[in-house]
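Peer 1:
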Amino acid sequence: MTCLVVKAGGSRVFPQWKALFAELMPELEVREWDDPTLDPARIDYALVWQPEPGRLAAMPNLRAILSVAAGVDHVVSDPSWSRSIPLIRMGEEQTRGQMADYVLWAVLSLLRDVPRWQAAQAAAQWVRRECAPLLSSDLRVGVMGLGSLGEVVARRLVAAGFDVLGWSRSQHEIEGVTCFWGEGQQTAFVTECHVLVCLLPETDQTRGLITYELLQQLRQPSGLVNVARGPIVVEADLLRALEEGVLHGAVLDVFDHEPLPADSALWRAPRAIITPHIASEASRPVRARQVVQTLHALERGEDVPLRYDPVRGY
Ligand code: NDP
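Mind the numbering: the sequence shown is residues 838 to 1151 in our numbering, read in order.
Now the structure itself:
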């Protein structure tokens, strides 16, 4: 019997995973990550979120690792995991749809100065603006990363009337989106945008990519939406840009340290909206269905989409 070990949501949630898999793939043996009676040699597949370093390497017959999220940085940061074992990310329609909803809300919040009205409300102040608000068509929104999520986000922003640009590692063509690619076109892309939406994976190339200097290159009024991973943005630079008004506003869902510590200055940064890494998370039944599809494909020896490429680093 094929054995799947699950570390996703803790022991409180495990019975829910077990019930879902019992329905979708009754022939699968589903075991809890911390089950002391489980022989690591018995495990074929692991479904994980933030596995403790060294644990995956101690499973000698592991055939694939499935991330319970779209990001895999929580696995690849473990120096002991073997890059020869397939690592597969989560990503289906629900994840993409939720991300598009979140980003549209975030960009509209920046367009309509929501952080300013929130601050005024907290101080019980009736503050009106001197000029009419901008229209969506006035704002150039640049989507960094045109992958499984970025492309859907870019299309949604186009449909909402924004002037949309995109930037990726390789060349893309998306209707209605002006596409840039590669390091060589990064400055040309950034200098055209008011708002940057970060949907890049965290890799050696993207870590620390968004600096004060890069934010300075944006058109005014400028904004940042980070829904990718905290370390892609230099947190101290982001704070400085917000405090100095170089950056007009930010919507932040991801951080260097999560949960964001209570003493982080970001909580009190001017014109920033903070959410606790909730931009997109597919329901457990949807994710269980994707896991089962992936397991069936792997068992048949087929190639699976959304497989981590150790050479590209994402
Ligand atoms: P994909 O791997 O499908 O897409 C990544 C995109 O980034 C691709 O377009 C790729 O270019 C581009 N890219 C990678 N490296 C570079 C680089 N050095 N320079 C320029 N472009 C680069 O990822 P997803 O769209 O599925 O997910 C993106 C990220 O979103 C995840 O890694 C995760 O961290 C985050 N996420 C956050 C969630 C949340 O709730 N906040 C939920 C889900 C995901 P190319 O197309 O040329 O390969």
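Backbone N, C-alpha and C fix where the C-beta goes; we use that ideal spot for every residue, glycine too.
Consider the C-beta atom of residue 1151 and the heavy atoms of the ligand NDP; say whether any pair is separated by less than 8 Å.
Peer 2: Yes, since a heavy atom of the ligand NDP falls inside the 8 Å radius drawn around the Cβ of residue 1151.
Peer 1: CA-CA distance, residue 867 and residue 1128?
Peer 2: About 12 Å.
Peer 1: What do you reckon, are the CB atoms on residue 940 and residue 981 nearer than 9 Å?
Peer 2: The answer is no: Cβ separation not under 9 Å.
Peer 1: For a minimum of 3 consecutive residues, which ranges assigned as the beta strand (DSSP E) are wholly contained in the region 1006-1030?
Peer 2: Listed in chain order, they are 1014-1018.
Peer 1: Taking the runs of the alpha helix (DSSP H) that are 4 residues or longer, which of them lie wholly in the region 908-961?
Peer 2: Qualifying alpha helix (DSSP H) stretches, in chain order: 910-913, 930-948, 951-959.
Peer 1: Return yes when at least one heavy atom of the ligand NDP lies under 8 Å from the C-beta of residue 1020, else no.
Peer 2: Checking the Cβ of residue 1020 against the ligand NDP gives yes.
Peer 1: Which residue or residues does DSSP assign as beta-bridge partners of residue 1144?
Peer 2: Answer is 925, bridged to residue 1144.
Peer 1: Using the Cα positions of residue 1013 and residue 1089, report the straight-line distance between them to the nearest angstrom.
Peer 2: Straight-line Cα distance between these residues: approximately 26 Å.
Peer 1: Are three or more beta carbon pairs between the region 935-952 and the region 1096-1103 nearer than 8 Å?
Peer 2: Short answer: they don't touch.
Peer 1: Counting pairs of beta carbons, one from the region 904-923 and one from the region 1046-1058, are three or more of them closer than 8 Å?
Peer 2: No, the region 904-923 does not touch the region 1046-1058.
Peer 1: So what's residue 1117 in DSSP terms, helix, strand or just coil?
Peer 2: Three-state result, residue 1117: coil.
Peer 1: Whose CA, out of 1097, 1096, 1066, 1048, lies closest to the CA of residue 1083?
Peer 2: Considering only alpha carbons, the answer is 1048.
Peer 1: In whole angstroms, what is the alpha-carbon distance linking residue 896 and residue 1112?
Peer 2: Computed Cα separation, rounded: 36 Å.
Peer 1: Does the Cβ of residue 1038 lie closer than 8 Å to at least one heavy atom of the ligand NDP?
Peer 2: At least one heavy atom of the ligand NDP is nearer than 8 Å to the Cβ of residue 1038, so yes.
Peer 1: Do the region 930-937 and the region 909-922 make contact, defined as three or more Cβ pairs closer than 8 Å?
Peer 2: As far as the Cβ criterion goes, the region 930-937 does not touch the region 909-922, which means the pair count is below three.
Peer 1: Whole angstroms are fine: how far does the CA of residue 984 sit from the CA of residue 928?
Peer 2: Approximately 11 Å between the Cα atoms of the pair.
Peer 1: Is the beta carbon of residue 890 closer than 9 Å to that of residue 923?
Peer 2: Against a cut-off of 9 Å, the Cβ pair of residue 890 and residue 923 comes out as no contact.
Peer 1: Quick one: any contact between the region 1060-1068 and the region 1022-1037, if contact means 3 or more CB pairs under 8 Å?
Peer 2: With the cut-off at 8 Å, the region 1060-1068 and the region 1022-1037 touch.
Peer 1: Return yes when at least one heavy atom of the ligand SAM lies under 8 Å from the C-beta of residue 1094, else no.
Peer 2: Of the ligands this structure carries, namely the ligand NDP, none is the ligand SAM.
Peer 1: What are the start and end residues of the alpha helix (DSSP H) that includes residue 894?
Peer 2: From DSSP, residue 894 is part of no alpha helix (DSSP H); its letter is neither H nor E.
Peer 1: Using DSSP with H/G/I as helix, E/B as strand and the rest coil, what is residue 973?
Peer 2: It is helical.
Peer 1: Can you tell me whether DSSP reads residue 1071 as helix, strand or coil?
Peer 2: Coil.
Peer 1: For the ligand NDP, I want to know if residue 932 counts as a neighbour, meaning its beta carbon is within less than 8 Å of at least one of the ligand's heavy atoms.
Peer 2: It does: the Cβ of residue 932 is within 8 Å (strictly closer) of some heavy atom of the ligand NDP.
Peer 1: Taking the DSSP output, what are the residues bridged to residue 868?
Peer 2: Per DSSP, 842.
Peer 1: What residue range does the beta strand (DSSP E) around residue 1151 cover?
Peer 2: Element bounds for residue 1151: n/a, residue is neither H nor E.
Peer 1: What is the rounded straight-line gap between the Cα of residue 1068 and the Cα of residue 1151?
Peer 2: Their Cα atoms are separated by approximately 15 Å.
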